[in-house]
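Asker:
In the numbering used here, the protein residues as written are 1043 to 1247.
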């Protein structure tokens, strides 16, 4: 992900684990999120950078699906990770770190869209398999564009619920915790979003 300032507390600096996190490990893959969170809460920027390296692509992907445009998604992702760093002392672990980060990212996307209050161009940037023929590639791109537009036109609360369950693979319970709503409420939002998409994409079936 590009566009990060050099002084950002969440900037990844490679895969090597900094010595001030734990000299017994040469790679952050061996350290779980809970351990790294505790170290980061103790003031270790390096520990937080390992968490960022682990989760930043997921944060950006979620942001991109919520706001629909790459530059805006980069802004949301950066805001979310900076907000996570600032809020980390108050993180109590009632939910997992990833769920907490989903919540912060969703809130950052909501705030950005509330500030803009305008239609963001959708670019259909998902990669297309190289083996597809030009005609098939064009059809796939058109379908992707249509889906992105349809998702972007959903009310934000429905969009967030659908993205977390349908695209991010969270369970209903996890998505409900992320959005801080009841599971029945979350299920209702997903169902309404799916019905709306089916109606809007009827011509692509």
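Note that the Cβ used here is the ideal one computed from N, Cα and C, for glycine as well. Owing to the predicted nature of the structure, the values given are computational and were not obtained by experimental measurement.
(1) Are the Cβ atoms of residue 1117 and residue 1154 separated by less than 8 Å?
(2) Roughly how many angstroms separate the alpha carbons of residue 1243 and residue 1106, rounded to a whole number?
(3) Looking at C-beta atoms only, is the number of pairs between the segment 1189–1198 and the segment 1118–1132 that lie closer than 8 Å three or more?
(4) Pull up the CB-CB distance for residue 1204 and residue 1218, whole angstroms please, since I reckon it's below 8 Å.
(5) Measuring straight from C-alpha to C-alpha, what distance separates residue 1206 and residue 1084?
(6) Report buried or exposed for residue 1091, applying the criterion of at least 16 other Cβ atoms within 10 angstroms of its Cβ.
(7) If we count the other Cβ atoms within 10 Å of its Cβ and call it buried at 16 or more, is residue 1134 buried or exposed?
(8) Tell me the DSSP secondary structure of residue 1197 in three-state form.
(9) I'd like the span of the alpha helix (DSSP H) that includes residue 1235, first residue to last.
(10) Using C-beta distances below 7 Å, list every residue in its chain close to residue 1209, excluding the 5 sequence neighbours before and after it, in chain order.
(11) Could you give the DSSP three-state label for residue 1116: helix, strand or coil?
(12) Rounded to whole angstroms, how far is the Cβ of residue 1146 from the Cβ of residue 1122, which I believe are closer than 8 Å?
(13) Report back the beta-carbon spacing between residue 1216 and residue 1141 to the nearest angstrom; my notes put them in contact at under 8 Å.
Answerer: Quick look at the numbers:
(1) yes
(2) 21 Å
(3) no
(4) With a Cβ gap of about 13 Å, residue 1204 and residue 1218 do not count as contacting.
(5) 30 Å
(6) It counts as buried.
(7) Its Cβ having fewer than 16 others within 10 Å, residue 1134 is exposed.
(8) Three-state DSSP puts residue 1197 in coil, outside helix and strand.
(9) 1225–1242
(10) 1107
(11) Here residue 1116 sits in helix by DSSP.
(12) Correct: roughly 5 Å between the Cβ atoms.
(13) 6 Å
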